[in-house]
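Contents: one structure, followed by commentary.
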Amino acid sequence: MTTLETMHEAAMKNYEEKNLDKALEIYNEIIRLNPIDEVALACVRDIYEEKDDRFNYYLARANVNIAQNKMEYAINDTKKAVAIDMENLDARRKLARLYKVSKQNLKAIDEFLRLLAVNNKDFDAYFELVDLYMMEDSIDSAISVAKQGSENFPENNNMKNMLAQLYFKANDYESALSVVADDMLRAKILLQKGDDDEAKNILDKFNPNSLDDFQKKNYYILMAQYLYNKKDFDNSLSQIENYIKISGPDAVSFQMKALIYEEKDDMFNSYLNWGFCRKLQGRQDEAIVEFNHAYQLNANDKTVLFELAQLYLNQKERYIAMEFYQKIYEIDRDEKARNILAEFYESEGDYKKAEEYGITRESKNSNDKPEEEFVGLLDRIMGMFSKK
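Residue numbers for the sequence shown follow numbering that gives the first Met the number 0, beginning at 0 and rising by one.
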């Protein structure tokens, strides 16, 4: 018997014996171990109902609805709990987060603001509000909240760096530098501001081999940017490769490589990397444009052809996609392209074309008779009717 099963038995025994507080203690421990244990959640709700504790009953019922993905019911229950105790910070925070999860951002903002009005020392609420304001593209409001957080937590570096990041996004580099507490972030701001040598002095203090992976990838991408700013493009590319070894290829690395190749006047590789960047950003139409630019410069690059074929398939442009698979096949009789073409023409009912790519009529359903067999059968039938 598992630990949770044993705990359930103990909780139920206490519940049946009306030891409600002990049962509640055990069920809450079960929920801590497994937050979506619907039996425990429902029992907690029932215990609070039996204890006639309406405030906790509504919160517990909200938890049951959350586990069942009934967010609107959970919101309504939490609102009822808040109405009973307007000053309860946990209930108000729960309501704000439920609004946020339900993508009702403006209502979530209102609730977090009310939360801070009651307690301006709620550390997490500042980060939640900044996140919500950024979702709503309201950077000025995000900066205002972050400044308030920094004033209330003047020694907290996370608050300072959050505010610096927001100033950075708003292109207010001087204000960002005035509050930033993290050296990597300071170097990033300086590079963007154009103070390359000052940024390099900061980066030279780091030994990349002593950094964790998160810090290391930041170091390499900042070194790549510094070298890019200094027009040392080959070494900048080397730093990007170091970054990729840790983080894997991502939109940032493809974007930087695209910019470097553009500076090197290698437009094919610039377009190619812009294509991958836009693809990873989910901007498929723009990716198609970039890969098509690359295709115009090199019509035989299989990487470009495969990317275009797949992107057009994603856009439900099957015939255009097949044109690119055909181009791939013509280069070196690529097996993947051959199979895709064969299956496409078979699905279109063009069996002659499908056979050209390896699908024979014998592989079709046995009920599909070859044309010559059908014609022979028809001749025999007509011969029977013509007999005297």
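C-beta: ideal position from N, C-alpha, C; glycine also.
For Leu190, the enclosing alpha helix (DSSP H) stretches over residues Asp182 to Lys192. Ile245 and Lys278 do not touch by the CB rule: their CB atoms are close to 21 Å apart, not below 8 Å. Just so you know, the alpha carbons of Phe126 and Ala145 end up roughly 8 Å apart. Across the set Tyr219, Gln309, Lys199 and Ile65, the C-alpha of Tyr219 shows the shortest separation from the C-alpha of Asn208.
In the DSSP annotation of this structure, the continuous segment of the alpha helix (DSSP H) that includes Glu197 starts and ends at Asp195 to Leu202. Excluding five sequence positions before and after Phe205, the CB atoms of its chain that fall closer than 7 Å to its own CB belong to Tyr218, given in chain order. Contact between Ala293 and Gly274 holds: their C-beta atoms lie close to 6 Å from each other, under 8 Å. Distance from the CA of Phe323 to the CA of Gly357, rounded to the nearest whole angstrom, comes to 19 Å. Between Ile83 and Ala73, the C-beta gap is not smaller than 8 Å, which leaves the two residues out of contact. Per DSSP, the unbroken alpha helix (DSSP H) holding Thr302 starts and ends at Lys301 to Asn313. Taking a contact as a CB-CB distance under 8 Å, the pair Asp36 and Ile29 counts as one, their CB atoms being some 5 Å apart.
Tyr328 sits away from Ala320, with the two beta carbons spaced by 8 Å or more. A distance below 7 Å between beta-carbons, with the five flanking residues on each side excluded, links Arg91 to the following residues of its chain, in chain order: Val81, Glu110, Arg113 and Leu114. Fewer than three pairs of CB atoms, one per stretch, sit closer than 8 Å, so the stretch 192 to 199 makes no contact with the stretch 155 to 171. Here the alpha carbons of Tyr344 and Lys315 stand approximately 16 Å from one another. In the DSSP assignment, Phe122 falls within the alpha helix (DSSP H) that extends over Phe122 to Met134. Under the three-state reduction of DSSP output, Arg317 falls in the helix class. By the CB criterion at 8 Å, Lys79 and Tyr47 fall outside the cutoff. Boundaries of the alpha helix (DSSP H) harbouring Met11: Thr2 to Glu15, taken from the DSSP string.
Distance from the CA of Leu23 to the CA of Asn170, rounded to the nearest whole angstrom, comes to 53 Å.
The beta-carbon distance between Leu304 and Asn291, rounded to whole angstroms, is 11 Å. This is too long to meet the 8 Å contact definition.
About 12 Å separates the beta carbon of Met255 from that of Tyr225, a gap too long to meet the 8 Å contact definition. Inter-residue distance for Asn155 and Gln164 is about 15 Å (C-alpha atoms, whole angstroms). Taking C-beta atoms as the reference points, Asn297 and Phe267 count as a pair closer than 8 Å. Secondary structure at Gln224: helix, using DSSP grouped into helix, strand and coil. By the beta-carbon neighbour count (other beta carbons within 10 angstroms, threshold 16), Val100 is exposed. Taking a C-beta distance under 8 Å as the contact criterion, Asn87 and Met134 do not qualify as a contact pair.
Counting only the Cα atoms, Val38 lies some 11 Å from Met11.
DSSP places Phe152 outside both helix and strand once states are collapsed to three, so it counts as coil.
Residue environment: Thr77 is assigned as buried (16 or more neighbouring CB atoms within 10 Å of its CB, all protein chains considered). Judged by beta-carbon spacing, Asn151 lies within the 8 Å limit of Lys120, meaning their Cβ atoms are closer than that value. In the DSSP annotation of this structure, the continuous segment of the alpha helix (DSSP H) that includes Gln295 starts and ends at Gln283 to Leu296. When DSSP states are grouped into helix, strand and coil, Phe267 belongs to the helix group.
Remark: C-beta atoms of Met222 and Leu202 approach each other more closely than 8 Å. Taking the Cα of Asp211 as reference, the smallest distance to any Cα among Ser177, Thr1, Glu16 and Tyr242 is reached at Tyr242.
By the Cβ neighbour-count rule, Asn68 is exposed, with fewer than 16 other Cβ atoms within 10 Å of its own.
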